[in-house]
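Using the numbering used here, you'd call the opening residue of the sequence shown number 27 and step up by one each time.
Everything below concerns the one structure shown next.
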Amino acid sequence: MFDTKNMKITNWILLALGTIGFVIDVSAQYDYGLTPINTREAYEASLIDNPNARLKDLAQEIEGIQLDIKYSTSENFTGKVIYREPRAFLRQEAASALAAVQKQLKKKGYGLKIFDAYRPYSVTIIFYELYLDTAYVASPYTGSRHNRGAAVDLTLFDLKTGVELDMGTPFDEFTEQSSPLLQDLPEEIMKNRTLLRSVMEKNGFSIYPTEWWHFDFKGWEEYDILDVPFDQLD
Ligand SMILES: [Zn+2]
27 MFDTKNMKIT NWILLALGTI GFVIDVSAQY DYGLTPINTR EAYEASLIDN PNARLKDLAQ
87 EIEGIQLDIK YSTSENFTGK VIYREPRAFL RQEAASALAA VQKQLKKKGY GLKIFDAYRP
147 YSVTIIFYEL YLDTAYVASP YTGSRHNRGA AVDLTLFDLK TGVELDMGTP FDEFTEQSSP
207 LLQDLPEEIM KNRTLLRSVM EKNGFSIYPT EWWHFDFKGW EEYDILDVPF DQLD
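In structure tokens, the structure reads:
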């Protein structure tokens, strides 16, 4: 039997539990002091003042681009499937710049192959908690430039054969050999790395000093950190 007084108490208990549940839920999700945009609604709202910041699907935006999204397979440094779908997104301006890169490369007989682009913030937390070293994985206290949709990991392939060019190391090899600052590499590798770097730099990207495959787009700091899954972006 319920009387009014008991119902009031029950409501108060439910309200209190709900509030505690909400607080626990939010703090458990993000332990590192950042609160990224993590709903489709908030992401759409963030685009109202800056419609050019919309994330674009690279497979749709850039003709002839190859995707080899390593984190959608277990063939990556974590040994786990991280993404449900093999997709790649960048902010509109960065995607347009990458389309220009692809056009310029085509004249030389090469194309772009993407390993990773926009990466939801939760994935940066997973990487950090598995690796616990920020030399090669981003700190969850600052987030990654990938979380802002303004960084891309990529290489070149030969348009005739479809074969990846030799860059000296595979993607995500976390050793000194991956540094684009190295100069004493075989001629072929130096030539390939220089071609990738020069065409990317001409179009507004800058290379990361420890990873030949990683490029940041100019103005990356202007974009918000996001934790919106790929399937919420369409
Ligand atoms: Zn990267």
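By construction, the Cβ of each residue, glycine as well, lies at the ideal position given by its N, Cα and C atoms.
Given the structure is predicted, the values throughout are model-derived calculations rather than measurements.
List the endpoints of the continuous alpha helix (DSSP H) containing residue i.
i, result
"Ile215", "Glu213 to Lys228"
"Ile88", "Careful: Ile88 lies outside any alpha helix (DSSP H) and carries neither H nor E."
"Glu237", "Segment Glu237 to Phe243 is the beta strand (DSSP E) holding Glu237; no alpha helix (DSSP H) there."
"Arg66", "Arg66 to Ser72"
Name the two residues that bound the continuous beta strand (DSSP E) containing residue i.
i, result
"Lys82", "Leu81 to Asp83"
"Tyr234", "Phe231 to Tyr234"
Taking DSSP as the reference, what is the three-state secondary structure of residue i?
i, result
"Ala176", "coil"
"Ser100", "coil"
"Asp257", "helix"
"Glu202", "helix"
"Glu248", "helix"
Assuming the contact rule is C-beta atoms closer than 8 Å, residue i and residue j should be a hit. Round their C-beta distance to whole Å, please.
i, j, result
"Pro235", "Pro206", "7 Å"
"Asn218", "Leu182", "7 Å"
"Asp198", "Phe256", "About 20 Å; that fails the 8 Å criterion."
"Arg145", "Tyr249", "With a Cβ gap of about 13 Å, Arg145 and Tyr249 do not count as contacting."
"Ala123", "Gly245", "Not a contact, Cβ separation roughly 11 Å."
"Phe221", "Gly194", "First, the amino acid is wrong: residue 221 is Leu here, not Phe. The Cβ separation is near 13 Å, so there is no contact."
"Glu214", "Asp192", "6 Å"
"Gln258", "Arg66", "4 Å"
Is there at least one non-hydrogen atom of ligand 2 closer than 7 Å to the beta-carbon of residue i?
i, result
"Ala120", "Ligand 2 is absent from the structure shown, which contains only ligand 1."
Which ranges would you report for the beta strand (DSSP E) in the stretch 115-172 if only whole runs of at least 3 residues count?
115-117 and 136-142
Does the stretch 128-139 come within contact of the stretch 177-184, defined as at least 3 CB pairs closer than 8 Å?
yes
Can we say the stretch 67-86 touches the stretch 114-123, given the rule of at least three CB pairs closer than 8 Å?
yes
Counting Cβ pairs, one atom from each stretch, are 3 or more of them under 8 Å apart for the stretch 52-72 and the stretch 94-101?
no
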